[in-house]
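A.B. asks: Same order as they appear, the protein sequences are chains C and Y.
Per our numbering, residue 169 is the first one in the first sequence, and the count goes up by one each step.
Per our numbering, residue 169 is the first one in the second sequence, and the count goes up by one each step.
Cβ atoms here follow ideal geometry from the backbone N, Cα and C, with glycine treated the same way.
Please read all numbers here as calculations on a predicted model, not as lab measurements.
After the structure tokens below, expect a handful of questions from me.
Number of protein chains: 2
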Amino acid sequence: MPLVVVGSVAIDHVETPQERRRNLLGGSATHFSYSASFFTSVRLVGVVGADWPDEHTQLLNSRGIDTSGLQVVPDGKTFSWTGRYHENMNDRDTLETQLNVLGTFDPVLPEDYRRAKYVFLGNDKPSNQLKVLSQVPGRRLAVADTMNLWIDTAREDLDHLLDQLDGLVLNDSEAKMLTGTENLVAAGHEVREMGPKFVVIKKGEHGAMFFSEHETYVLPAFPTARVIDPTGAGDSFAGGMMGYLAQQDSFDPETLKTALAYGILVASFNVEGFGLERMQEITRDDIEERMQDYHNMLSF
Amino acid sequence: MPLVVVGSVAIDHVETPQERRRNLLGGSATHFSYSASFFTSVRLVGVVGADWPDEHTQLLNSRGIDTSGLQVVPDGKTFSWTGRYHENMNDRDTLETQLNVLGTFDPVLPEDYRRAKYVFLGNDKPSNQLKVLSQVPGRRLAVADTMNLWIDTAREDLDHLLDQLDGLVLNDSEAKMLTGTENLVAAGHEVREMGPKFVVIKKGEHGAMFFSEHETYVLPAFPTARVIDPTGAGDSFAGGMMGYLAQQDSFDPETLKTALAYGILVASFNVEGFGLERMQEITRDDIEERMQDYHNMLSF
Chain C
169 MPLVVVGSVA IDHVETPQER RRNLLGGSAT HFSYSASFFT SVRLVGVVGA
219 DWPDEHTQLL NSRGIDTSGL QVVPDGKTFS WTGRYHENMN DRDTLETQLN
269 VLGTFDPVLP EDYRRAKYVF LGNDKPSNQL KVLSQVPGRR LAVADTMNLW
319 IDTAREDLDH LLDQLDGLVL NDSEAKMLTG TENLVAAGHE VREMGPKFVV
369 IKKGEHGAMF FSEHETYVLP AFPTARVIDP TGAGDSFAGG MMGYLAQQDS
419 FDPETLKTAL AYGILVASFN VEGFGLERMQ EITRDDIEER MQDYHNMLSF
Chain Y
169 MPLVVVGSVA IDHVETPQER RRNLLGGSAT HFSYSASFFT SVRLVGVVGA
219 DWPDEHTQLL NSRGIDTSGL QVVPDGKTFS WTGRYHENMN DRDTLETQLN
269 VLGTFDPVLP EDYRRAKYVF LGNDKPSNQL KVLSQVPGRR LAVADTMNLW
319 IDTAREDLDH LLDQLDGLVL NDSEAKMLTG TENLVAAGHE VREMGPKFVV
369 IKKGEHGAMF FSEHETYVLP AFPTARVIDP TGAGDSFAGG MMGYLAQQDS
419 FDPETLKTAL AYGILVASFN VEGFGLERMQ EITRDDIEER MQDYHNMLSF
């Protein structure tokens, strides 16, 4: 089944302790789309400016990603993020954020996107995410990401959004912040009680936790010493997860757990290169091979 | 097979955000022994003072733990630790450490302990750990724990110890400190290259990682919202792991992975009560039941 994603499309500038790279193809919708494209057809909604290189669009199209929902603002500049990773490659400082055209982004879905059954709302202000939901009334599964900024500044809209979601994906610190609860298992269920039928807490190098009414589980990250650039890992995770669900056209408990594992594995490739560089080297076969290793790792 | 453990025996005073408890049965050898006793017969070596309550010894004996190696210093006082946990129940402050009789502890193994094949060296100064090793020349498997203090102050002895170990168990921050490497996968293998045939990195609520020449894997912690007192969780983990290895009298890769899982599960019970309180409520059947849940959690 086709999968619609609405989110940011960005030009990233990334510094790691080893290397500094400029003008990387970035953004939540980008990382998400690319990862999901290994599993299903993806329809992207986002906004860029006149500076957006056409080759980036071509790259996405080459993966079968429909970019007819990518708005181009002719007199605008693309959203840009500059960040520097610490030695541990987990913590990072945002050196600069230029919202540019993202600041006035009005997510409008092309007519043929509106029949989508699978929808992912990348991190954005909750009022925008709600606006997207209203355009896909026939959806079967809507999952969103969020961030500390909205928990802090748009709580009412966020609460309203949570009511309408099937699933929420957020990271560990956001889950603690949203609930005021330090224990992640308790926090996960508290978030779930705010509305979503299921909640996924991303723990970065420590994997991901899943919470539904009857299930609580955690799957570890795929262990790798080759962490080149963690930017977009969370979006890549969500893309792998949602891509698999859309491909299976199912979100029963068994499919959800497998989807979580695919998300973890796709994200483990994503961090092995800057931007989308490593992702461009792999095929679905590489993902399946790593899945076999992952299954072996968890078997005893 | 009998399992010898040498380590601290303590009186703990613990504060959590919920509760303050004094005079808990604590210490690395104690938590280790109790956990290992679900799997095999344990022979404990440690030291206490005249203040040591006989009922604590009786409790250990009731689990089949041989305490003939527990030295009692008639004019001494038992090692005591006072700590306070933060809201997150992971970080803690040591409020007071009274080394007392532990400061001059000379680990001497009773004659019948010296034929042991399975030996665990709880965290102690490396020179003491080396002294223990020299008393069990016929051992089949020697595994040790260590801590930041010895990495800082006794590096030469520690390096000498690492050369003679089959396995080392340490936590994530210690692994980073020992190697100067922030990526845990890389750090794990670097520690292994210092001598031990295998290395286990404990990640607390995030589980444990295993490193041998041909294997790298991670198993997640058992997710629980019921964290009452994390004191001794790492020793409990090591006790479950070593107890299972000694019971199986094997440490082939398959047995090691299962042992790691048992360590994780026993530790998950340990944190559900102050001191050893929760451990006194459970049986091997409870551990097996949780193992079934854990297997299910990791299957998809």
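(1) Does DSSP put S236/Y in a helix, in a strand, or in coil?
(2) Excluding sequence positions up to five away, which residues of its chain have a Cβ less than 6 Å from the Cβ of F379/Y?
(3) Would you call A284/C buried or exposed, if buried means 16 or more other Cβ atoms sit within 10 Å of its Cβ?
(4) Expressed to the nearest angstrom, what Euclidean distance is found between the alpha-carbon atoms of A218/Y and V337/C?
(5) Could you check how far apart the C-beta atoms of L270/Y and L238/Y are, in whole angstroms? I think they sit under 8 Å.
(6) Ordered along the chain, which non-local residues of its own chain (more than five positions away) have a Cβ less than 8 Å from that of L433/C?
(7) Taking CB distances under 7 Å as the criterion, tell me whether H328/C reaches chain B.
(8) Relative to the C-alpha of V210/Y, which residue among R188/Y, R282/Y and K245/Y is closest?
(9) Starting from Q297/C, follow the alpha helix (DSSP H) in both directions and report where the run begins and ends.
(10) Okay, do the stretch 227 to 244 of chain Y and the stretch 333 to 351 of chain Y touch, 3+ Cβ pairs below 8 Å being the bar?
(11) Strictly under 7 Å for the Cβ-Cβ distance: is A427/C near chain Y by that measure?
(12) Taking 7 Å as the limit between beta carbons, can you name the residues of its chain near V353/C, skipping five residues before and five after?
(13) Rounded to a whole number of angstroms, what is the C-alpha to C-alpha distance between N291/C and E445/Y?
(14) Decide if S404/Y is buried, meaning its Cβ has at least 16 other Cβ atoms within 10 Å, or exposed.
(15) Buried or exposed: which applies to T451/Y, given that a residue is buried once 16 or more other Cβ atoms fall within 10 Å of its Cβ?
(16) Report the rounded CA-to-CA distance for E255/C versus G244/Y, giving the unit in angstroms.
(17) Determine the burial state of L263/Y: buried for a count of at least 16 other Cβ atoms within 10 Å of its Cβ, exposed for fewer.
(18) Would a C-beta distance cut-off of 7 Å place L289/Y and A312/Y closer than the cut-off?
(19) Which same chain residues, not among the five before or five after A435/Y, have their C-beta less than 7 Å away from its C-beta?
(20) Between which two residues does the beta strand (DSSP E) holding D261/Y run?
(21) So P294/Y and L326/Y are in contact, right, with Cβ under 8 Å, and what is the actual spacing, rounded?
(22) Among all the DSSP beta bridges, which residues are the ones paired with A178/Y?
(23) List in chain order: all unbroken alpha helix (DSSP H) runs of 4+ residues lying wholly within the stretch 342 to 376 of chain C.
(24) For a contact defined as C-beta to C-beta under 9 Å, what are the partners of N256/C on chain Y?
(25) What do you reckon, is the C-beta of I369/C under 6 Å from a heavy atom of the ligand GDP?
(26) On the DSSP letters alone, give me the boundaries of the alpha helix (DSSP H) that F405/C sits inside.
(27) Have a look at F442/Y and Y412/Y and give me their C-alpha separation to the nearest angstrom.
(28) Just verifying my parser: in three-state terms, what is the DSSP assignment at R446/C?
(29) Grab me the residues of L329/C's own chain with a C-beta within less than 6 Å of its C-beta, minus the 5 sequence neighbours each way, in chain order.
(30) Grouping DSSP H, G and I as helix and E and B as strand, with all else coil, what is E187/Y?
(31) For N339/C, which residues does DSSP report across the bridge?
(32) Got a sec? Which residues, its chain only, sit under 6 Å from A414/C by beta carbon, not counting five neighbours each side?
(33) With distances taken Cα to Cα, identify the nearest neighbour of Q303/C among T314/C, W318/C and D280/C.
(34) Give a yes or no on whether the minimum CB-CB distance between T384/C and chain Y is below 7 Å.
(35) For M377/C, return the contacting residues in chain Y, with the cut-off set at a CB-CB distance below 7 Å.
C.D. replies: This is what the structure gives:
(1) For S236/Y, the three-state secondary structure derived from DSSP is strand.
(2) In its chain, beyond the 5 residues on either side, G356, H357, R360 and V367 have a beta carbon closer than 6 Å to the beta carbon of F379/Y.
(3) Buried: at least 16 other Cβ atoms inside 10 Å.
(4) Whole-angstrom Cα-Cα distance: 55 Å.
(5) About 12 Å separates the two Cβ atoms, so there is no contact after all.
(6) Only F390, G408, I455, R458, M459 and Y462 meet the Cβ criterion.
(7) This model lacks chain B altogether; the protein chains it does include are C and Y.
(8) Distance check between V210/Y and each of R188/Y, R282/Y and K245/Y places R282/Y closest, using alpha-carbon atoms only.
(9) Run containing Q297/C: P294 to L301, per the alpha helix (DSSP H) assignment.
(10) The stretch 227 to 244 of chain Y vs the stretch 333 to 351 of chain Y: no contact.
(11) No, A427/C lies away from the interface with chain Y (no Cβ there is under 7 Å from its Cβ).
(12) Hits under 7 Å: T384.
(13) Rounded to the nearest angstrom, the gap between the Cα atoms of N291/C and E445/Y is 44 Å.
(14) For S404/Y, the number of other beta carbons within 10 angstroms of its own is at least 16, and it is reported as buried.
(15) T451/Y is exposed by the Cβ-count criterion.
(16) Whole-angstrom Cα-Cα distance: 46 Å.
(17) With fewer than 16 Cβ atoms within 10 Å of its Cβ, L263/Y is classed as exposed.
(18) A contact, by the Cβ cut-off of 7 Å.
(19) So the list reads A401, S404, F405 and G408, once near-sequence residues are dropped.
(20) Element bounds for D261/Y: R260 to Q266.
(21) About 4 Å separates the CB atoms of P294/Y and L326/Y; that is less than 8 Å, so the two are in contact.
(22) A178/Y is bridged to G194/Y.
(23) Taking only runs of at least 4 residues, the alpha helix (DSSP H) segments lying wholly in the stretch 342 to 376 of chain C are 352 to 360.
(24) Within chain Y, the residues placing a beta-carbon under 9 Å from that of N256/C are K344, E350 and N351, ordered along the chain.
(25) Looking for the ligand GDP in the displayed structure turns up nothing, as the structure carries no ligands at all.
(26) Going by DSSP, F405/C is part of the alpha helix (DSSP H) stretching over A401 to Q416.
(27) The straight-line gap separating the alpha-carbon atoms of F442/Y and Y412/Y is approximately 24 Å.
(28) Looking at R446/C - three-state DSSP - the assignment turns out to be coil, as it is neither helix nor strand.
(29) Hits under 6 Å: P294, Q297 and L298.
(30) Correct three-state label for E187/Y: coil.
(31) Looking at the DSSP assignment, N339/C forms a beta bridge with K370/C.
(32) Beyond the five residues adjoining it in sequence on each side, A414/C comes within less than 6 Å, by CB distance, of M169, L171, T208 and Y286 in the same chain, given in chain order.
(33) For the residues T314/C, W318/C and D280/C, the minimum Cα distance to Q303/C belongs to D280/C.
(34) Closer than 7 Å to some Cβ of chain Y, the Cβ of T384/C qualifies, so yes.
(35) What M377/C touches in chain Y: P391.
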